[in-house]
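Below is one structure, written out as structure tokens, with a few remarks after it.
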Amino acid sequence: MNLSKWLMLVLMFAIGNMHAALKVTVVKKDENAFPIAISPFKLIGNKSQDKDISKIIHDNLERSGRFDALIP
């Protein structure tokens, strides 16, 4: 009985220390990136949720590396 408690304790610590490392390497933007224009969005209604949607979309497309996002 004492051995099973000891084994359970060892397993709990072993599981707690398990993790995987994620390594992401950003090399460069694609030279053949597709140019795309992002139109400005206007929020109608509740202004408390006002966010620059155009900027968010622009940043996401730029981060993908496949698009050359332009804000007119």
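FYI, the numbering for the sequence shown is 1 to 72, going by our numbering. Note that CB positions come from ideal geometry on N, CA and C, so glycine has one too.
Check, Outcome
"Rounded C-alpha distance that separates residue 61 from residue 51", "17 Å"
"Candidates 70, 69, 63: closest to residue 24 by CA position", "63"
"Of the listed residues 6, 39, 22, 8, nearest to residue 55 (C-alpha basis)", "39"
"For residue 13, three-class secondary structure by DSSP", "helix"
"Chain-order list of residues whose beta-carbon lies under 8 Å from that of residue 67 (same chain, five-residue window excluded)", "33, 34, 35, 36, 61"
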